[in-house]
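For reference, the structure is listed below as structure tokens.
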Amino acid sequence: MLVHNSDVAEIFNKVADLLEILDENPFRVRAYRNAARTVGSLSQSVAAMVEQAKDFTELPGIGKDLAGKIEEIVRTGNLSQLQDLEDRIPPQLIRLMKIPGLGPKRVKTLYDRLNITSLEDLKKSAEAGEIKNLKGFGEKTEKAILAELGREKKEERIKLNVAEEVANGVVNYLKRVEGVSEVIVAGSFRRKKETVADLDILATCKKGSKVMDAFVEYGNVGKVVAKGETRATIVLRSGIQMDLRVVPEASYGAALHYFTGSKAHNIAVRTLGVKGGLKINEYGVFKGKKRIAGKREEEVFDHVGLSFIEPELREDQGEIEAAQQGKLPKLITLKDIRGDLHAHTKETDGRHTLEQMVEAARNRGYQYVAITDHSKRLSMTHGFDAKRLAKRNEEIDRLNGKLKGFSVLKSIEVDILEDGSLDLPDSILKELDLTVCSVHSKFNLPMKKQMERIIRAMDNPYFNVFAHPSGRLINERPPYDVDMEELIKAAKERGCAMEVNAHPDRLDLADIHCRLARDTGVKLVISTDAHSVNDYDLMRFGVWQARRGWVEKEDVLNTRSADELKKLLKRK
DNA sequence: GCCGTTTTCGGCCCGACTGTTTTCAGTCG
């Protein structure tokens with residue numbers, strides 16, 4: 042059986058949960074959680090690393106013990122320690138901890154005193170009024186549990202475009218409140234994670250401002266979870282949770298750093314502070330009782346000997362060390378993008394004509410656009426056959442003859458068929474400036490077959506860009522079963538580029554694979570997969586995703602001029 | 001369970017809010 046990194050992470054998280062319920066040393070618990078995070082965000086597969094006899098203790102937070110446990114999981118699919126724990130305490134208790142307000146201590150009490158192990162048990166006891174009599178519980182807690190159990194479960198994380206819309210709404214609202222100066226959304230939204238769990242808003246204001254009152258009265262509030270002097274939590278009717286923190290202006294930078302996270306990054310920075318005799322919290326940087334910095338975010342980094350780290354990098358994935366050594370990447374920006382290399386027209390499943398798509402690309406200052414309609418296999422989109430494509434190429438030649446300082450690139454989004462052949466003959470593909478190749482069928486092939494299929498397609502000398510490489514749709518469809526590390530290697534060997542599909546439903550490549558591609562030397566292309574003129578606006582999401590993968594301008598083909606681009610696309 | 005320019009033991013980031021207490025534990029981020 043093949044063990045995925047996520048399997049290892051899940052087992053470590055379970056161990057951590059159960060140890061926590063058993064009231065074990067919290068630092069031991071943290072060690073398991075850190076290990077889960079480290080393995081979970083590794084771009085290489087641990088299974089392959091075991092095969093290659095790699096030393097896991099070189100990974101941060103993995104010592105001899107955990108390294109052995111990773112190997113055990115890879116070899117057996119299980120961890121005997123977890124089974125021992127599950128003999129001592131029902132593993133279903135982990136589910137109870139997901140209820141807001143129930144942590145390890147209370148779950149343990151519920152189990153010890155009322156023998157509650159399931160949501161059903163919990164509901165029965167709450168309805169019978171047994172919970173409020175337990176020590177540490179009360180009337181309100183019991184009611185809150187019942188309310189939570191009755192609520193529709195909505196565990197999905199929020200896509201970045203939805204989060205952005207909600208964030209803009211609340212920021213504009215809060216900025217109009219009297220006495221408010223700064224309002225910014227921090228947290229994973231500022232780090233531009235592909236999905237976010239909630240929105241963390243930071244504000245500064247003058248004394249006496251009613252910003253907290255205004256916040257809990259925001260138009261779409263479904264529930265006020267907490268409200269204090271400096272912090273409040275609300276849940277919108279849509280189910281989105283928002284936290285507001287208010288700090289003095291002098292603390293803005295320290296608070297912004299703190300609330301941007303990630304948690305792991307913060308811990309690492311604070312630990313550096315401790316080593317330098319400093320205390321860092323959301324109010325500033327302190328030497329003894331004296332605050333020595335905090336107004337600007339840069340100051341926090343300064344005082345622990347780091348250059349400024351962009352929010353997208355703050356995951357404790359090597360950015361601290363890079364900042365210490367002055368080796369941070371110079372991340373790509375939206376301005377670096379000179380053209381879009383994935384766009385559809387009305388001829389297949391887009392909404393606008395060739396002329397409209399070209400005009401819109403010119404108007405936003407691009408130097409080129411690749412028009413990539415579907416190929417015939419996607420019959421429902423009325424995909425192009427060789428004859429129609431030849432005619433389309435003529436149209437583009439005519440159009441290019443009229444345009445100055447702008448190129449329309451002849452292209453196609455060609456289907457990778459089940460046997461690994463491309464959906465159009467080489468004789469027509471060779472007439473194109475580039476091909477964008479993708480999988481749109483047979484998503485559930487076994488990994489070996491899926492890999493053979495894709496790599497065989499890459500063998501075709503006219504295969505240029507592998508589009509939305511994992512095939513996932515966020516919250517809707519998991520990736521097809523492939524070993525992305527191997528695909529990236531295969532792309533490198535053959536001179537193929539990989540797409541970072543900017544559509545917020547896809548964001549495919551994932552951040553860790555952007556980074557792996559860059560480290561491997563595979564060129565990237567950031568494209569919107571536009572199906573209308575407005576979709577070109579989605580480019581920012583792709584750029585953010587690439588930035589999370591440490592990607593620089595030089596790693597991305599569509600930061601080059603059209604001529605340079607064509608040269609780089611040529612395969613040896 | 002990890003880690004080490006205060007190194008093999010004794011630390012491990014830090015604070016706000018709620019509910020249940022009567023000074024604080026538990027939870028959360």
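In the numbering used here, the protein residues as written are 42 to 613. We put the beta carbon where it would ideally sit given N, CA and C, even for glycine. Because the structure is a prediction, the values reported are computed rather than measured.
Have a look at H385 and D254 and give me their C-alpha separation to the nearest angstrom. Sequence index remark: in the first sequence, residue 385 carries index 344 (1-based). Sequence index remark: in the first sequence, residue 254 carries index 213 (1-based). Going by the C-alpha atoms only, they are around 47 Å apart.
Buried versus exposed, by CB contacts within 10 Å (16 or more), D124: Here residue 124 is taken as the residue at index 83 of the first sequence, counted from 1. Note that residue 124 corresponds to Gln in the displayed sequence, not to Asp. Exposure of Q124 is indicated by the presence of fewer than 16 other C-beta atoms within 10 angstroms of its C-beta.
By Cβ distance below 8 Å, which residues in the same chain neighbour K471 in space, the five residues on each side in sequence not counted? The residue labelled residue 471 in the question sits at position 430 within the first sequence. These residues qualify, in order along the chain: Y503.
Please tell me whether D241 and A305 are closer than 8 Å, where the distance is taken between their beta carbons. Along the first sequence, one-based indexing puts residue 241 at 200. Along the first sequence, one-based indexing puts residue 305 at 264. Not closer than 8 Å, so no.
Are V56 and Y73 closer than 8 Å when you measure CB to CB? The residue labelled residue 56 in the question sits at position 15 within the first sequence. The residue labelled residue 73 in the question sits at position 32 within the first sequence. Cβ distance < 8 Å, so V56 and Y73 count as in contact.
Buried versus exposed, by CB contacts within 10 Å (16 or more), V115: In the first sequence, residue 115 corresponds to position 74, counting from 1. It counts as buried.
Grab me the residues of G424's own chain with a C-beta within less than 8 Å of its C-beta, minus the 5 sequence neighbours each way, in chain order. Translated into the one-based positions of the first sequence, residue 424 becomes position 383. T389, D414, H415, S416, K417, R418, D456 and D464.
In terms of residues, what are the limits of the alpha helix (DSSP H) holding L240? Within the first sequence, numbered from 1, the residue matching residue 240 stands at position 199. Run containing L240: none in the alpha helix (DSSP H); it sits in the beta strand (DSSP E), D239 to C246.
Please go through the same chain and pick out, in chain order, the residues whose beta-carbon is closer than 7 Å to the beta-carbon of Y214, but skip the five residues on each side of it. In the first sequence, residue 214 corresponds to position 173, counting from 1. Y259.
Between N261 and A273, what straight-line distance do the alpha-carbon atoms span, to the nearest angstrom? Stepping through the first sequence from its first residue, residue 261 is reached at position 220. Stepping through the first sequence from its first residue, residue 273 is reached at position 232. Their Cα atoms are separated by approximately 15 Å.
What did DSSP end up calling I52 once you bin it into helix, strand or coil? Stepping through the first sequence from its first residue, residue 52 is reached at position 11. In the structure shown, I52 sits in a helix (DSSP, three-state: H, G or I).
Report the rounded CA-to-CA distance for S573 versus E338, giving the unit in angstroms. For the purposes of this step, residue 573 is taken as residue 532 along the first sequence, with counting starting at 1. For the purposes of this step, residue 338 is taken as residue 297 along the first sequence, with counting starting at 1. Taking the CA atoms as reference points, S573 sits about 39 Å from E338.
Assign G81 to one of three DSSP states: helix, strand, or coil. As a position in the first sequence, residue 81 is number 40, starting the count at 1. Correct three-state label for G81: helix.
Who pairs with Y409 in a beta bridge, going by DSSP? Numbered from 1 along the first sequence, position 368 holds the residue referred to as residue 409. For Y409, which the question treats as bridged, DSSP gives the partners G380 and S448.
Contact defined as beta carbons within less than 8 Å: I believe F582 pairs with L201. What is the distance between those atoms, to the nearest angstrom? Residue mapping note: residue 582 aligns to position 541 of the first sequence, counting from 1. Residue mapping note: residue 201 aligns to position 160 of the first sequence, counting from 1. Correct: roughly 6 Å between the Cβ atoms.
Which of the three DSSP states, helix, strand or coil, is assigned to G191? Position 150 of the first sequence, counted from the first residue, corresponds to residue 191. The answer is helix: DSSP assigns G191 an H, G or I state.
Once you ignore the five residues that flank R403 on each side, which residues in its own chain have a CB closer than 7 Å to its CB? Counting from 1 along the first sequence, the entry for residue 403 is found at position 362. Excluding positions up to five away in sequence, the list reads F447.
In the DSSP output, what is R518 paired with across the bridge? On the first sequence, position 477 is the one that residue 518 refers to. Answer by DSSP bridge pairing, in chain order: L514.
Verify whether the separation of the beta carbon atoms of G144 and A185 is less than 8 Å. For the purposes of this step, residue 144 is identified with residue 103 of the first sequence, where counting begins at 1. For the purposes of this step, residue 185 is identified with residue 144 of the first sequence, where counting begins at 1. No; because the gap between Cβ atoms is not below 8 Å, this pair is not in contact.
Span of the beta strand (DSSP E) around R392: Position 351 of the first sequence, counted from the first residue, corresponds to residue 392. Taken as a continuous stretch (DSSP letters only), R392 belongs to no beta strand (DSSP E), as it is neither H nor E.
If V341 sits next to H298, beta carbons under 8 Å apart, how far is it from one beta carbon to the other, in whole angstroms? Counting from 1 along the first sequence, the entry for residue 341 is found at position 300. Counting from 1 along the first sequence, the entry for residue 298 is found at position 257. Going by Cβ atoms, the distance from V341 to H298 rounds to 5 Å, so yes, they are a contact pair.
Apart from the five residues just before and just after I321, which ones in its own chain have a Cβ nearer than 6 Å to its Cβ? In the first sequence, counting from the first residue as 1, residue 321 sits at position 280. Correct list, in chain order: R311 and G314.
What does DSSP give as the partner residues of A334 in its beta bridges? Within the first sequence, the letter at position 293 stands for residue 334. For A334, the pairing in a beta bridge is given by DSSP as V326.
In terms of residues, what are the limits of the beta strand (DSSP E) holding D284? For the purposes of this step, residue 284 is identified with residue 243 of the first sequence, where counting begins at 1. From DSSP, the beta strand (DSSP E) with D284 extends over Q282 to V288.
S166 by DSSP, collapsed to three states: which one? Mapped onto the first sequence, residue 166 falls at position 125. Here S166 sits in helix by DSSP.
Are G294 and G335 closer than 8 Å when you measure CB to CB? One-based indexing of the first sequence puts residue 294 at position 253. One-based indexing of the first sequence puts residue 335 at position 294. Going by C-beta atoms, G294 is nearer than 8 Å to G335.
Along the beta strand (DSSP E) that carries K387, what are the first and last residues, could you check? Residue mapping note: residue 387 aligns to position 346 of the first sequence, counting from 1. No beta strand (DSSP E) contains K387, which DSSP labels as neither H nor E.
So for E454, helix, strand or coil by DSSP? Within the first sequence, the letter at position 413 stands for residue 454. Strand, per DSSP.
Are R547 and L514 touching if we call contact CB-CB under 8 Å? In the first sequence, counting from the first residue as 1, residue 547 sits at position 506. In the first sequence, counting from the first residue as 1, residue 514 sits at position 473. It is a contact, given that the beta carbons lie within the stated cut-off.
Per-residue burial, P487 [other beta carbons within 10 Å of its own, 16 or more giving buried]: Looking up residue 487 in the first sequence gives position 446. Looking at its Cβ environment, which holds fewer than 16 other Cβ atoms inside 10 Å, P487 is exposed.
Kindly indicate which residue of G269, Q586, F68 and L347 has the alpha-carbon position closest to the one of Q366. As a working note, residue 366 is residue 325 in the first sequence. Of the listed residues, the one whose Cα sits closest to Q366 is L347.
E459 (DSSP reduced to helix, strand or coil): As a first step, residue 459 must be located in the first sequence, where it is residue number 418. In this structure, E459 counts as coil in the three-state DSSP scheme.
Leaving out five residues before and five after I52 in sequence, what residues of the same chain have Cβ atoms less than 7 Å from its Cβ? Within the first sequence, the letter at position 11 stands for residue 52. Within the same chain, Cβ atoms closer than 7 Å to the Cβ of I52 are found at I114, L120 and L123, the five residues on either side in sequence being excluded.
Would I553 and S86 qualify as a contact pair, given that the criterion is a beta-carbon distance under 8 Å? Locating residue 553 in the first sequence gives position 512, counting from the first residue. Locating residue 86 in the first sequence gives position 45, counting from the first residue. Their beta carbons are not under 8 Å apart, which means I553 does not touch S86 by this criterion.
Is the CB-CB distance between V148 and I225 below 8 Å? Here residue 148 refers to the residue found at position 107 of the first sequence. Here residue 225 refers to the residue found at position 184 of the first sequence. It is not a contact, given that the beta carbons lie outside the stated cut-off.
May I have the straight-line CA-CA distance separating E290 from Y407, to the nearest angstrom? Locating residue 290 in the first sequence gives position 249, counting from the first residue. Locating residue 407 in the first sequence gives position 366, counting from the first residue. Going from the Cα of E290 to the Cα of Y407 covers about 40 Å.
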